[in-house]
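Participant:
Chains as they are written, first to last, in the numbering used here: chain G, 1 to 280; chain W, 281 to 569.
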């Protein structure tokens, strides 16, 4: 059978491969090459070696954005996963209205980052006004504003995945633990959490990469104000490219570093949490 | 025996009592969860001076503005043409992605050689590459190839979205027993007929998952269409919302609120119509991804 399918390559695989090459492979390779060049557009690139990387690490706004993003990622991964898991635990107890609550909590996830940013800008600025502040009063306000926004958006999504994980735990396992006299705390620590480790892997991976790569919400909520103090990496890269003339090369170098960090995080995270999963 | 029954009754009573409190707590939480949306809706009906001054007040005789914000917002942003563009781009891209990547995934799973395993590895790899890495060269390339319109951008989405879709379809194809396809081929089906009459219908659950995940991404995507499209002629919904802030000096919060409401309405309708598929799709997608 393989032989008869094989000659159909142009029909089955070629369209995707052409688009994939144009939409990913070529831009990716060009991106790496351009990070070593001076350029204003892709046709006038001149090789300059590591100059762009040197400029990147000499740019305080980049280091500031890197720190902000790292801290933001840690806080949001913890808050989103803990709250989502807690809600999932309570919503699997079979209480009335479970489906309705699930529907409501998931809903914000469908709304895009730009729209979310403005929704929360009006709400949070309305509250802060009573204290004579706004979201752009200092970087810390932007930070916590973004944390609240992202929690609202992503808790529902992660909750859905945790609910599926919890429902997959065999009932006998919990029964057996109860008969052996396990308390609720022990049940949670020694049965439920180890059994939902695959869901934890997925959810922490998703929240980690989503938080680290956050762009739209950042742009719409504070746009990095005041003075770039609430600017995250993705927005910093964007601004380097499109608002600072002569910095395109540095922007691309930042993007390569950004990619490397995301790749390392993704692989480490995957390795660490997969180890903790229960063998079945 | 009697004792055990009594025990069961006690725990049933306790659970019900507990459940009632939980339901109440969650009802309050659900109302709070929806409050931001409600806030946008009430502010869309107010004059702009009242929005930033007292955002939490309900519209009253003085602040009520009817649908004026909607009228001026739609005029200013040409909102309906943006919705049209978003629909064309999202529906077109999702359809093209599903047909092309499912075919590609079947091919690279069934035909084993160096090329196909290289394609698979590349698709996996592309899933961890952030958009910023390719945004500059991708948008310049797209402009050079005249893809700066709602039809051309579909090709860009196929290219950039292929990784995840191919990966998910491959996962499913591996679970289809080879005998089914062999039987079809022996009965005289060409590979194309085998794929569209036998394999594609079996893949329906994965197709739904891929469609939902890609649609959620593409409908809400801001940066890719912003960089690729010819903005003088084509804008999408997220782009017009962002334009309300950037393009007209100080933000007119009245039209902003009204346009936010219009941007949310299609999403709510879509969610209400296929909620079951969306939630199942998200779970299935997460487990495979």
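Backbone N, C-alpha and C define an ideal beta-carbon position, used for all residues, glycine too. These numbers come from a predicted model, not from an experiment.
(1) Taking C-beta to C-beta, are residue 540 of chain W and residue 337 of chain W nearer than 9 Å?
(2) Would a check of beta-carbon distances place residue 354 of chain W closer than 9 Å to chain G?
(3) I'd like to check one pair, residue 218 of chain G with residue 229 of chain G: are the Cβ atoms closer than 9 Å?
(4) Looking at the structure shown, is residue 344 of chain W part of a helix, part of a strand, or coil, going by DSSP?
(5) Under the assumption that residue 547 of chain W contacts residue 110 of chain G (Cβ atoms under 8 Å), give the Cβ distance between them as a whole number of angstroms.
(6) Do you know whose CA, among G:181, G:140 and G:33, lies nearest residue 48 of chain G's CA?
(7) When you compare the segment 430 to 444 of chain W with the segment 457 to 474 of chain W, are there three or more beta-carbon pairs, one atom per stretch, that lie closer than 8 Å?
(8) Would a check of beta-carbon distances place residue 487 of chain W closer than 9 Å to chain G?
(9) Any C-beta of chain G sitting closer than 9 Å to the C-beta of residue 528 of chain W?
(10) Would you verify that the beta carbon of residue 465 of chain W is, or is not, closer than 9 Å to some beta carbon of chain G?
(11) If I follow the unbroken alpha helix (DSSP H) through residue 375 of chain W, where does it start and stop?
(12) Which full runs of the alpha helix (DSSP H) of 4+ residues lie inside the segment 167 to 227 of chain G, going along the chain?
(13) Can you name the residues of chain G whose CB is closer than 9 Å to the CB of residue 557 of chain W?
(14) For the segment 193 to 209 of chain G against the segment 122 to 129 of chain G, are there 3 or more C-beta pairs whose distance is under 8 Å?
(15) Using 8 Å as the Cβ pair cut-off and three pairs as the minimum, do the segment 167 to 181 of chain G and the segment 136 to 147 of chain G touch?
(16) Report the rounded CA-to-CA distance for residue 514 of chain W versus residue 367 of chain W, giving the unit in angstroms.
(17) Report the partner residues of residue 46 of chain G according to the DSSP bridge assignment.
(18) In chain order, what residues of the same chain have a beta carbon less than 7 Å from the beta carbon of residue 557 of chain W, not counting five sequence neighbours either side?
(19) Could you confirm whether any beta carbon from chain W is found closer than 9 Å to the beta carbon of residue 21 of chain G?
(20) Would you mind giving the Cβ-Cβ distance between residue 413 of chain W and residue 50 of chain G, rounded to the nearest angstrom? I have them listed as a contact below 8 Å.
(21) State yes or no: is the C-beta of residue 100 of chain G within less than 9 Å of the C-beta of residue 159 of chain G?
(22) Contact defined as beta carbons within less than 8 Å: I believe residue 553 of chain W pairs with residue 485 of chain W. What is the distance between those atoms, to the nearest angstrom?
(23) Within this structure, are the beta carbons of residue 339 of chain W and residue 350 of chain W separated by less than 9 Å?
(24) Whole angstroms is fine: what's the gap from residue 247 of chain G's alpha carbon to residue 255 of chain G's?
(25) Which residues bound the alpha helix (DSSP H) around residue 16 of chain G?
(26) Quick check: is the beta carbon of residue 455 of chain W nearer than 9 Å to any beta carbon in chain G?
(27) Please report the residue range of the alpha helix (DSSP H) in which residue 232 of chain G lies.
(28) Starting from the beta carbon of residue 299 of chain W, find every residue of chain G whose beta carbon is closer than 9 Å, and list them in chain order.
(29) Mind listing which residues of the segment 26 to 41 of chain G have their C-beta closer than 8 Å to chain W's C-betas, in chain order?
(30) Hey, is the segment 13 to 27 of chain G in contact with the segment 398 to 410 of chain W, meaning 3+ C-beta pairs nearer than 8 Å?
(31) For residue 431 of chain W, does the count of other Cβ atoms within 10 angstroms reach 16, so buried, or fall short, so exposed?
(32) Taking residue 470 of chain W as part of the alpha helix (DSSP H), name the residues at either end of that continuous run.
(33) Would you tell me roughly how many angstroms separate the C-alpha atoms of residue 519 of chain W and residue 506 of chain W, rounded to the nearest one?
(34) So, using beta-carbon positions, are residue 536 of chain W and residue 353 of chain W closer together than 9 Å?
(35) What does a CB cutoff of less than 8 Å around residue 182 of chain G pick up in its chain, not counting 5 residues either side in sequence?
(36) Give me the subset of the segment 405 to 423 of chain W whose CB atoms are less than 7 Å from a CB atom of chain G, sorted by chain position.
Facilitator: So, from the listed chains and residues:
(1) no
(2) no
(3) no
(4) strand
(5) 5 Å
(6) G:33
(7) no
(8) no
(9) Its pLDDT being 49, under 50, residue 528 of chain W is placed unreliably by the model, and nothing is read from it.
(10) yes
(11) 359 to 390
(12) 171 to 179, 184 to 187, 197 to 212 and 216 to 221
(13) Those do not exist, as residue 557 of chain W stays about 13 Å from chain G at its closest Cβ, beyond 9 Å.
(14) no
(15) no
(16) 12 Å
(17) G:38
(18) 488 and 492
(19) yes
(20) So it is not a contact: roughly 18 Å between Cβ atoms.
(21) no
(22) With 8 Å as the limit, residue 553 of chain W and residue 485 of chain W do not qualify as a contact, their Cβ atoms being about 18 Å apart.
(23) no
(24) 12 Å
(25) 14 to 20
(26) no
(27) Here residue 232 of chain G belongs to no alpha helix (DSSP H), and DSSP marks it neither H nor E.
(28) 93, 94, 95 and 96
(29) 26, 27, 28, 30, 31, 34 and 41
(30) yes
(31) exposed
(32) Segment: none, residue 470 of chain W is in no alpha helix (DSSP H) and carries neither H nor E.
(33) 7 Å
(34) yes
(35) 190 and 191
(36) 406, 408, 409, 410, 412, 413, 414, 416, 417, 418, 420 and 421
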